[in-house]
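Numbering (our numbering), first residue to last: 104 to 358.
So the structure is just underneath, and the comments pick up after that.
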């Protein structure tokens with residue numbers, strides 16, 4: 104086993120694990136809204152669910168930061184970095200996230216399933232586990248075993264590290280980026296804000312109200328074309344995030 108193999112798989116594993124979490128959080132929690140992190144716990148409390156998803160993304164940021172630090176630190180290794188080995192590690196880490204999520208979150212703890220509204224949740228759990236858990240791990244393992252003596256080394260290690268860094272930061276940013284146009288946007292205000300102040304804040308960005316809870320602390324709105332929800336952070340909002348389809352958690356909302 105070469106020094107390259109001893110030093111460089113772990114950054115890929117950690118980064119792949121974080122990417123797996125971002126992938127699930129963005130696609131399943133926000134865009135498709137098939138479930139939230141704690142859908143099986145107090146599922147009707149949308150504020151609780153959005154906050155839990157936010158803490159989940161924050162944890163993925165911490166793990167991604169650890170992986171990026173390991174990746175950049177590995178650049179000091181005189182042996183060099185194999186881009187093929189890095190990609191193999193990312194695939195394995197990505198798959199391991201989905202395996203851990205399936206076993207721990209779906210079956211042992213039961214805090215959510217892939218599709219909470221399905222009459223056959225086990226089918227979706229197993230399908231997701233196979234496609235995004237087992238397949239990436241197998242592909243990554245095969246790729247890792249075929250790296251040889253560094254034949255897959257990239258010409259510029261800095262380019263590889265920069266590309267992976269941009270991918271990680273991009274995935275993380277998508278988890279909190281306020282969507283524009285006709286998409287639904289969820290806005291959470293500081294506790295005690297009140298409906299009157301929340302409505303004024305939403306009016307400052309010409310947001311169209313879809314739903315608001317009785318306390319005024321959380322609202323679902325649509326933003327006009329070309330308008331950004333970032334301004335809401337200056338008016339008491341602590342979270343502004345998008346939900347691309349009016350499904351999932353919106354089915355539990357009552358006006």
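Cβ coordinates follow ideal geometry from the N, Cα and C atoms, glycine included.
- As summarised for the region 159-206, the continuous alpha helix (DSSP H) elements at least 4 residues long and confined to that stretch are 186-203, given in chain order.
- DSSP lists 321 and 342 as the bridge partner or partners of residue 291.
- Per the C-alpha coordinates, the member of 167, 297 and 221 positioned closest to residue 339 is 297.
- Put simply, the region 121-130 touches the region 163-174. At least three CB pairs are less than 8 Å apart.
- The closest CA to that of residue 311, considering only 324, 151 and 129, is found on 324.
- Separation of the CB atoms of residue 335 and residue 308 is rounded to 6 Å, and the pair is thereby assigned contact status at 8 Å.
- CA-to-CA, the gap between residue 332 and residue 315 works out to about 16 Å.
- The C-beta of residue 156 has 16 or more other C-beta atoms within 10 Å across all chains shown, which makes the residue buried.
- For residue 246, the secondary structure class from DSSP, reduced to helix, strand or coil, is helix.
- Checking the DSSP bridge columns, you'll see residue 311 partnered with 325.
- Residue burial annotation: residue 114 is buried, with at least 16 other C-beta atoms found within 10 angstroms of its C-beta.
- Residue 150 carries a helical assignment under DSSP once its states are collapsed to helix, strand and coil.
- Cβ atoms of residue 215 and residue 143 come within 8 Å of each other, at about 6 Å.
- C-alpha of residue 188 to C-alpha of residue 121: approximately 17 Å in a straight line.
- Its Cα nearest to that of residue 295, the residue 320 stands out among 313, 158, 320 and 235.
- Of the residues 145, 239 and 148, the one whose Cα lies closest to the Cα of residue 191 is 239.
- Residue 173 and residue 119 have their C-alpha atoms roughly 13 Å apart.
- DSSP places residue 220 outside both helix and strand once states are collapsed to three, so it counts as coil.
- Buried is the label assigned to residue 208, since at least 16 other Cβ atoms lie within 10 Å of its Cβ.
- Note on geometry: alpha-carbon atoms of residue 132 and residue 242 lie some 26 Å from one another.
- Assignment of residue 132 by DSSP, reduced to helix, strand and coil, places it in the helix class.
- Taking the Cα of residue 288 as reference, the smallest distance to any Cα among 112, 130, 134 and 158 is reached at 134.
- Our two residues, residue 161 and residue 154, have alpha carbons roughly 11 Å apart in a direct line.
- Between residue 217 and residue 204, the C-beta spacing is not below 7 Å.
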